[in-house]
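For reference, the structure discussed in these notes is given below.
Number of protein chains: 4
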Amino acid sequence: MLSGKTVAEHNTRESCWIIVHGKVYDVTEFFGRKIILKYAGKDATQEYEPIHPPDAITTNLPPEKHLGPVEPDTVEKVVVEISDEEKARQERISNRPSLDEILNLHDFEAIAKQVLPEKAWAYYSSASDDEITLRDNHAAYHRIWFRPRILRDVTKVDWSTTILGHKSSMPVYISATALGKLGHPDGELNLTRAAAKYGVIQMIPTLASCSFDEIVDTAQPGQVQFFQLYVNKDRAITKKLVQHAESRGVKALFITVDAPQLGRREKDMRMKFEAEDPSVVSKSGSQGVDRSQGAARAISSFIDPGLNWDDLDWFKSITKMPIILKGVQCWEDALQAYDAGVAGVVLSNHGGRQLDFSRSGIEVLVEVVVNLKEKRGLSFPNEKFALFVDGGVRRATDVLKAVALGATAVGVGRPFLYSFCAYGTEGVEKAIKILHDEFEMNMRLLGARTLKEVVPEMVDASNLQSHTVVPRDDLYANNYESMKYAQLKGSKAKL
Amino acid sequence: MLSGKTVAEHNTRESCWIIVHGKVYDVTEFFGRKIILKYAGKDATQEYEPIHPPDAITTNLPPEKHLGPVEPDTVEKVVVEISDEEKARQERISNRPSLDEILNLHDFEAIAKQVLPEKAWAYYSSASDDEITLRDNHAAYHRIWFRPRILRDVTKVDWSTTILGHKSSMPVYISATALGKLGHPDGELNLTRAAAKYGVIQMIPTLASCSFDEIVDTAQPGQVQFFQLYVNKDRAITKKLVQHAESRGVKALFITVDAPQLGRREKDMRMKFEAEDPSVVSKSGSQGVDRSQGAARAISSFIDPGLNWDDLDWFKSITKMPIILKGVQCWEDALQAYDAGVAGVVLSNHGGRQLDFSRSGIEVLVEVVVNLKEKRGLSFPNEKFALFVDGGVRRATDVLKAVALGATAVGVGRPFLYSFCAYGTEGVEKAIKILHDEFEMNMRLLGARTLKEVVPEMVDASNLQSHTVVPRDDLYANNYESMKYAQLKGSKAKL
Amino acid sequence: MLSGKTVAEHNTRESCWIIVHGKVYDVTEFFGRKIILKYAGKDATQEYEPIHPPDAITTNLPPEKHLGPVEPDTVEKVVVEISDEEKARQERISNRPSLDEILNLHDFEAIAKQVLPEKAWAYYSSASDDEITLRDNHAAYHRIWFRPRILRDVTKVDWSTTILGHKSSMPVYISATALGKLGHPDGELNLTRAAAKYGVIQMIPTLASCSFDEIVDTAQPGQVQFFQLYVNKDRAITKKLVQHAESRGVKALFITVDAPQLGRREKDMRMKFEAEDPSVVSKSGSQGVDRSQGAARAISSFIDPGLNWDDLDWFKSITKMPIILKGVQCWEDALQAYDAGVAGVVLSNHGGRQLDFSRSGIEVLVEVVVNLKEKRGLSFPNEKFALFVDGGVRRATDVLKAVALGATAVGVGRPFLYSFCAYGTEGVEKAIKILHDEFEMNMRLLGARTLKEVVPEMVDASNLQSHTVVPRDDLYANNYESMKYAQLKGSKAKL
Amino acid sequence: MLSGKTVAEHNTRESCWIIVHGKVYDVTEFFGRKIILKYAGKDATQEYEPIHPPDAITTNLPPEKHLGPVEPDTVEKVVVEISDEEKARQERISNRPSLDEILNLHDFEAIAKQVLPEKAWAYYSSASDDEITLRDNHAAYHRIWFRPRILRDVTKVDWSTTILGHKSSMPVYISATALGKLGHPDGELNLTRAAAKYGVIQMIPTLASCSFDEIVDTAQPGQVQFFQLYVNKDRAITKKLVQHAESRGVKALFITVDAPQLGRREKDMRMKFEAEDPSVVSKSGSQGVDRSQGAARAISSFIDPGLNWDDLDWFKSITKMPIILKGVQCWEDALQAYDAGVAGVVLSNHGGRQLDFSRSGIEVLVEVVVNLKEKRGLSFPNEKFALFVDGGVRRATDVLKAVALGATAVGVGRPFLYSFCAYGTEGVEKAIKILHDEFEMNMRLLGARTLKEVVPEMVDASNLQSHTVVPRDDLYANNYESMKYAQLKGSKAKL
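Residue numbers (full-length UniProt numbering), protein chains in the order written: chain A, 1 to 495; chain B, 1 to 495; chain C, 1 to 495; chain D, 1 to 495.
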């Protein structure tokens with residue numbers, strides 16, 4: 001049992017100990033990271049908790065650096081002063097409307113925006129460059145219109161489906177989003193619990209705040225989970241992750257292929273996001289990364305930009321899980337993926353967080369369906385080669401448009417994230433219920449009894465490829481100064 | 001003669017009596033409806049009046065539940081406090097501009113918006129999901145431009161027409177809208193009276209606040225009325241309604257086919273619209289519907305989602321009225337309707353209140369005309385198979401565009417509703433006069449002496465199918481946070 | 001010599017005298033016009049002046065109604081109180097920027113808007129219905145882009161041209177606009193003087209505030225003027241006007257064909273424009289028109305809605321002036337005009353003041369050129385059949401686009417009107433100089449030495465017919481209420 | 001040594017001396033220029049410095065007008081009062097955020113806009129007419145979307161290239177912009193220094209504030225510079241400039257062909273920009289130009305509007321530098337340029353400062369590539385005939401779009417200008433670093449290892465030619481008055 005006083009002496013770069021959950025760790029080898037040094041010799045639990053899986057330290061730090069428990073009473077309390085801003089936020093949290101007043105997925109975001117810490121909101125909501133793709137992801141759905149059918153007996157409508165052979169109560173899965181504890185202490189577990197209750201499949205992110213095992217442990221018997229993978233330069237680490245996932249019963253492996261380097265997300269950068277990205281700690285095991293090049297560069301030292309088509313055989317050799325490529329953005333790559341024998345692709349641009357001016361998944365879907373039919377004779381939805389899309393979905397009508405155009409299911413990320421940020425597990429449950437309500441209504445109004453009846457003829461997507469109206473370029477628009485007209489004397493304003 | 005005191009004792013779920021217009025009713029079997037329980041043992045007239053046809057109770061409640069009159073003096077007066085908000089509204093009502101200052105149909109809406117009770121405005125103006133279709137209904141007309149002809153003798157212009165064989169002073173009919181008494185104590189009777197005066201046809205709604213017979217009784221001899229029908233699961237009720245309508249001289253039956261379930265209208269939902277929908281009381285006769293699933297679900301228990309093409313033969317067997325399907329939204333269904341032998345279709349999306357992203361009636365009209373010509377050799381307007389459109393019309397030019405493209409007539413709903421909400425019967429009369437003025441002007445300017453001269457060549461509808469500009473998604477736009485630029489020290493605003 | 005007292009006794013409908021410029025007139029037969037009755041027995045000069053040609057009364061009133069001069073001292077002075085609003089306007093007038101600060105035609109409008117009486121601004125700026133066409137007239141030019149040529153010797157550039165055989169210093173003429181004295185005491189004479197100075201042709205309006213002869217008398221020897229004609233039901237009046245114009249040396253007759261009835265212009269109507277339209281007084285000679293039907297109806301009693309193609313022979317029989325039809329709006333009518341042997345057409349929608357959703361003249365120009373080439377082998381610009389366009393022009397680039405597409409010249413109306421409203425004759429001169437400066441610059445930048453070198457290949461008009469972006473429908477937009485999101489307790493705003 | 005007193009006596013049009021950097025010059029022959037007269041007999045250094053190359057006077061003024069040094073102590077100090085506005089500006093300058101907070105090129109403009117003197121901002125940011133082209137230059141890039149490729153090994157990405165045979169660290173060069181000292185005392189030298197550090201090529205402008213030799217002298221050994229040329233009517237001056245440039249090692253001659261006369265830039269004109277344009281002083285040697293015709297006319301007396309294709313042979317005869325035509329705006333001229341044997345063209349509209357409604361360079365690029373392939377069999381990028389574009393670029397993604405479509409490199413002007421206005425040389429360095437960061441990121445995300453892999457298939461430019469959405473016409477929009485609806489009594493606002 002170490003005393004707090006002893007720990008407190010190790011508060012330098014030369015010897016840096018920290019306390020997390022009552023245990024002491026020697027993290028000297030991580031020195032150089034300001035954030036860690038800031039807590040040297042102190043209890044770092046509060047800062048550590050929201051953004052690291054609980055087992056990150058124990059897994060990544062060699063056993064000899066686990067110095068054992070500290071005597072609680074001897075640790076000097078760090079008095080955290082609550083800022084006025086934080087007080088106002090707490091006030092907003094206590095003034096959240098009741099869940100009954102939440103009518104749609106937009107509402108969760110509206111509440112989350114007000115109750116999240118500023119940095120968390122910036123991290124979650126940000127996207128790359130001018131965030132044009134972020135917004136077009138949503139806007140693209142508005143370029144698709146319905147051609148509903150009437151006078152069909154829609155007493156019973158059924159929008160359940162099968163995703164990669166697994167039942168799902170709706171053609172929607174919970175897509176992977178990172179750092180869930182920034183917004184809620186239970187992080188991704190909120191999703192796991194609500195998914196269980198409503199028969200929805202959760203995709204577990206590599207960069208979860210909760211540990212992989214926590215998330216799997218929280219699942220109910222028979223609950224289906226997928227795993228999203230960032231591939232490490234050190235393939236041994238990747239192999240361990242993948243095989244562990246398979247051993248824990250994960251049913252499919254979604255390999256992210258649109259992020260050889262993580263995007264520049266300026267809202268996030270303006271926040272001077274200080275916390276270490278958990279990936280650095282928990283997955284890469286890298287030490288003293290050069291942060292002077294910015295967070296993006298730092299993180300890219302962990303993700304392998306060398307990942308390529310040749311690696312697919314290796315993946316097949318280490319796992320029997322079906323492999324899906326997440327982040328395909330043109331028909332040529334979808335075709336190549338099909339020929340490479342994977343089980344499907346997610347037509348996605350990473351929620352607008354990677355390459356700005358990437359087209360929305362729903363737009364890419366159309367060209368993929370056309371070309372794979374033409375070149376390989378495939379029709380969609382297709383059991384052997386599943387097409388998923390994600391990004392920008394807020395309504396069941398969005399999902400039904402994707403299904404009509406050939407998607408097996410649609411990934412929803414931020415809306416579920418915001419729902420637990422605002423209301424925890426109950427928020428996610430309500431979000432799913434809202435989608436169910438919308439599905440029932442809209443299946444009836446479309447005149448479709450089952451998803452099979454949601455056919456291409458039910459949508460008019462002829463405007464989908466039109467990019468004549470583009471989300472506003474806020475930075476440019478702010479700098480542009482409007483033309484001024486001749487003015488009366490005495491009323492001349494600055495040009 | 002019951003005493004108020006006796007009635008007041010029956011204020012529980014076990015025994016629930018209410019007073020309406022001085023008579024006592026035992027409505028215990030409706031218990032479970034909070035709204036009714038709230039008035040248990042009391043005088044419910046004020047709440048009951050605006051949203052129930054006066055004969056709703058007598059018709060629907062078995063005679064033995066009619067307990068007879070109450071002694072007026074013994075009923076405890078419910079003191080209704082007038083809120084400041086209501087006082088302000090009354091002030092606005094007294095400040096309405098004179099009818100002379102009303103120049104167009106938009107003006108009625110501008111006044112109605114200010115003088116209606118908040119809930120009534122929310123109920124009338126709301127539409128489904130993000131209200132994109134609601135607004136595109138109007139915007140679609142703005143994608144059609146004129147190609148007027150000159151140097152024709154337009155001294156006399158005549159825009160009267162024939163609708164299903166009945167004379168109409170203009171190619172416009174008053175479309176069905178529900179709950180008219182929310183906005184004016186005379187409700188739908190305002191429409192009946194004005195329609196009589198100006199030779200316009202009124203479509204009587206199933207969900208009128210006034211009783212069907214009141215509306216028919218108010219009509220002048222020879223005045224033409226149509227009937228809009230929601231089909232009840234209990235076909236006996238529907239049969240009774242239809243045959244009664246025919247017996248009262250109604251000339252056509254418009255069966256609503258776009259509402260197997262009523263839409264989720266969020267503006268309305270946010271108002272926590274407490275009043276029971278009259279349909280539940282007066283038409284379905286259902287008891288204790290599960291309101292925990294929301295109003296939409298509740299109401300759908302009355303409307304039959306099982307209605308389908310096979311039912312048409314049954315309708316033909318119970319009435320000789322011509323049958324028109326209201327809510328057709330693609331050429332395939334218009335063709336099927338034609339083949340099924342009905343008298344016409346209304347190309348409509350229910351004023352944007354059902355499936356969001358449905359296309360406007362005017363847009364659907366173009367594809368219907370093309371395909372019915374191509375596949376059945378029909379030309380339009382056509383006496384044997386009438387095409388109507390509704391939704392979004394505000395100007396005579398809108399109507400003339402529809403006529404040029406092949407419509408027999410156009411349904412106008414909310415604008416007439418708003419005109420009586422703002423000014424009663426006189427408002428509706430003024431609205432009709434404005435349309436007449438606009439028709440005279442625009443027929444002349446188009447160079448058309450009669451509606452037959454309003455031909456397809458007079459419009460350029462080549463942009464109609466373009467959905468590159470879409471009504472603003474307010475909820476998404478509110479949540480999106482603009483990009484911020486680098487800022488001077490001291491001027492940093494919250495991101 | 002009548003005494004003011006005597007005149008003052010004739011202040012009733014039965015006997016109504018008024019004083020104008022010191023002379024007394026018996027206008028009893030005009031009774032029923034509120035505006036005249038208001039001045040019965042009084043000096044009406046101030047009200048009469050701005051909107052009637054000085055010879056209107058003497059010409060139209062039978063000699064026996066001219067009662068002779070009044071003794072000036074005996075007329076009771078009408079004390080006109082200057083309102084605070086008027087004082088503020090006078091203040092704004094004295095604060096006009098110097099003409100040096102006026103850089104473009106927009107600037108004149110910006111100043112005129114601030115210095116005009118409210119009613120004058122409403123009358124001039126208003127257009128029909130929702131003013132969509134008004135704004136698209138200008139916007140249409142923005143859908144045409146340039147393809148300039150380089151490395152041509154543009155030391156000398158010449159943008160002068162010939163219009164109907166008459167020299168013009170630029171491919172622009174001053175189009176007819178009504179009621180010039182509402183904005184400036186010299187009215188249309190400002191245009192005549194500036195036109196003389198800069199070699200520009202003026203089109204004299206039928207509804208000028210100045211008399212026709214005043215305008216012609218003001219012209220310099222050799223100055224070319226055209227005449228715009230509204231055709232009277234009483235063809236004798238029209239014949240007199242036309243033959244008088246020819247006898248005074250007018251060079252061409254522009255017959256307005258887009259106004260069988262004058263448009264409903266709501267901005268103007270909201271102003272309750274009280275003054276009589278001069279046309280009623282000076283041209284139609286009609287008595288006691290029914291104003292209860294509104295100003296538009298009243299005015300249409302003078303203009304002949306029966307005017308048609310058959311009338312053209314009659315016009316040819318009464319004048320040798322070349323005849324041009326003003327207000328052609330589709331190629332079919334342009335073709336018919338050509339076949340009817342007129343000298344040209346103005347592709348115009350009356351500045352957006354007649355049929356809303358008429359297409360802009362520049363848009364119509366393209367289809368006219370294509371079809372007259374295809375069907376009659378014509379090329380444009382063409383000496384025998386001139387194509388003019390008007391509406392929405394603000395820049396020399398607009399004019400050059402029209403010329404490139406085949407127009408002989410472009411009519412500019414409101415901008416010249418606003419230039420004299422803001423600065424009198426000097427304003428018009430400056431406006432013309434600005435256009436000359438812009439022509440010089442832009443001819444050089446286009447690489448065109450003469451207008452002949454301004455060829456179709458210099459513009460990309462492929463987006464011209466696109467109406468996917470439409471001017472905002474302000475009335476509809478005002479009524480539409482944005483969607484609201486879930487809100488924190490205590491911050492609930494009215495929906 | 002002259003005394004200040006003596007100099008002060010020469011303060012009239014008849015004899016006008018000025019002091020610059022302690023030396024006295026007789027500039028009487030320039031009389032008529034108000035700005036010079038204002039400083040007659042005084043020290044003009046402060047006004048002279050920012051907008052004239054230091055050698056302008058010595059080069060252009062005959063030796064006999066160099067009157068020699070002045071005794072410093074005898075010159076009366078001109079006390080310049082610092083205005084409140086200027087104090088506020090200095091305050092803003094001291095509050096600039098640190099360079100670390102600058103995340104993109106927009107940020108430099110945001111800061112420059114706040115720290116520049118008003119006139120400098122007006123001069124730099126202004127463009128011609130309604131500035132539609134200015135803004136479409138940027139917007140055009142937003143009509144191009146990416147089709148990125150995945151699963152390529154992008155560990156190493158290389159975006160360096162070769163421009164006219166010279167190495168460049170990125171496919172971007174610093175384009176010529178005038179009057180750099182208005183924004184920073186070191187003017188264009190900031191660009192030279194940063195370009196050296198990061199291997200970027202600078203194009204030296206004819207109208208630089210720094211002298212040509214200063215700029216060349218500042219370059220590092222081996223640093224590549226190009227020269228932008230306005231051709232003088234006096235070809236001897238031009239010959240001298242060109243041959244001097246070649247002798248100093250300049251590697252290419254960019255002849256501006258889109259400016260036979262400089263554009264009307266109204267923001268600039270409203271500022272009443274008083275300073276003489278340096279071109280007049282330093283290059284044209286013209287005397288007493290007629291400024292009453294405005295600055296544009298004045299400047300056009302120096303630039304030769306007679307420049308034409310025939311001149312190209314002469315240019316080839318006086319220099320061996322490759323010749324590039326800057327300002328080509330259609331494929332026809334690009335073809336003619338190719339046939340004329342020049343080394344390349346810049347598809348440019350002069351940053352929107354010349355002909356408004358010129359199309360963006362990136363839009364023209366597409367038609368040039370298509371036609372030169374079709375008519376001359378060329379493919380692009382092409383070593384023998386380089387295509388450059390400039391205008392509107394703010395992101396590396398913009399550049400990569402141009403490269404994908406066939407451009408060799410892209411010129412960036414204002415963003416680098418603003419970067420030194422805001423932060424001097426370090427600002428330019430940061431701007432270049434930001435671009436490098438963006439290139440690295442986006443090359444990886446595109447799946448391109450080298451610029452050769454940035455192929456046409458990686459972009460969807462099918463909307464590029466669409467001009468259905470046009471930048472807002474601010475002047476027109478300001479003048480247009482929205483429609484008003486009927487209003488409650490007491491709330492009537494001015495129409």
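Beta carbons are placed, not taken as given, at the ideal position from N, Cα and C, and that holds for glycine.
Interface residues of the segment 136-170 of chain C facing chain D [CB-CB below 9 angstroms]: 138, 139, 141, 142, 143, 144, 145, 146, 147, 148, 149, 150, 151, 152, 153, 154, 155, 156 and 157
Contact under 9 angstroms by Cβ, residue 348/C with residue 329/C: On the third sequence, position 348 is the one that residue 348/C refers to. On the third sequence, position 329 is the one that residue 329/C refers to. Yes. Within cutoff.
Beta bridge counterpart(s) of residue 158/A as assigned by DSSP: The residue labelled residue 158/A in the question sits at position 158 within the first sequence. Answer is 450/A.
Contact under 9 angstroms by Cβ, residue 216/C with residue 174/C: Your numbering for residue 216/C matches position 216 in the third sequence. Your numbering for residue 174/C matches position 174 in the third sequence. Their beta carbons are not under 9 angstroms apart, which means residue 216/C does not touch residue 174/C by this criterion.
Interface positions of the segment 435-453 of chain C facing chain D (Cβ-Cβ less than 9 angstroms), listed along the chain: Residues 437, 438, 440, 441, 442, 444, 445, 446 and 447.
Status (buried if at least 16 other CB within 10 Å, exposed otherwise) for residue 91/B: Working through the second sequence from its first residue, we reach residue 91/B at position 91. Exposed.
In DSSP terms, what residue 173/A is bridged to: The residue given as residue 173/A occupies position 173 in the first sequence. Beta-bridge pairing links residue 173/A to 201/A and 411/A.
Closer than 9 angstroms at the beta carbon, the chain D residues around residue 106/B: The sequence position of residue 106/B within the second sequence is 106, counting from 1. Under the 9 angstroms cutoff, chain D gives 483, 485 and 486.
Residue from 103/B, 326/B and 40/B with nearest C-alpha to residue 257/B: Working through the second sequence from its first residue, we reach residue 257/B at position 257. Comparing Cα-Cα distances from residue 257/B to each of 103/B, 326/B and 40/B, the minimum goes to 326/B.
Candidates 25/A, 138/A and 409/A: closest to residue 7/A by CA position: Counted from its first residue, the first sequence places residue 7/A at position 7. Selected option, being the one with the closest Cα: 25/A.
Any chain C beta carbon closer than 9 angstroms to residue 101/B: Within the second sequence, residue 101/B is the residue found at index 101, counting from 1. Closer than 9 angstroms to some Cβ of chain C, the Cβ of residue 101/B qualifies, so yes.
Residue 21/C classed as buried or exposed, judged by whether at least 16 other C-beta atoms fall within 10 angstroms: As a first step, residue 21/C must be located in the third sequence, where it is residue number 21. Counting Cβ neighbours within 10 Å, residue 21/C comes out exposed, since fewer than 16 surround it.
Below-9 angstroms beta-carbon distance, residue 235/C vs any chain D residue: Your numbering for residue 235/C matches position 235 in the third sequence. Not one chain D Cβ lies under 9 angstroms of residue 235/C.
Closest Cα partner of residue 146/B within the set 384/C, 398/C, 118/C and 352/C: Numbered from 1 along the second sequence, position 146 holds the residue referred to as residue 146/B. Looking at the Cα atoms, 352/C is the closest of the given residues.
Pairwise C-alpha distance: residue 476/A and residue 408/A: In the first sequence, counting from the first residue as 1, residue 408/A sits at position 408. In the first sequence, counting from the first residue as 1, residue 476/A sits at position 476. So the alpha carbons of these two residues sit roughly 39 angstroms apart.
Identity of the residue in 144/A, 429/A, 230/A and 164/A nearest residue 399/A by Cα: Position 399 of the first sequence holds residue 399/A. Of the listed residues, the one whose Cα sits closest to residue 399/A is 144/A.
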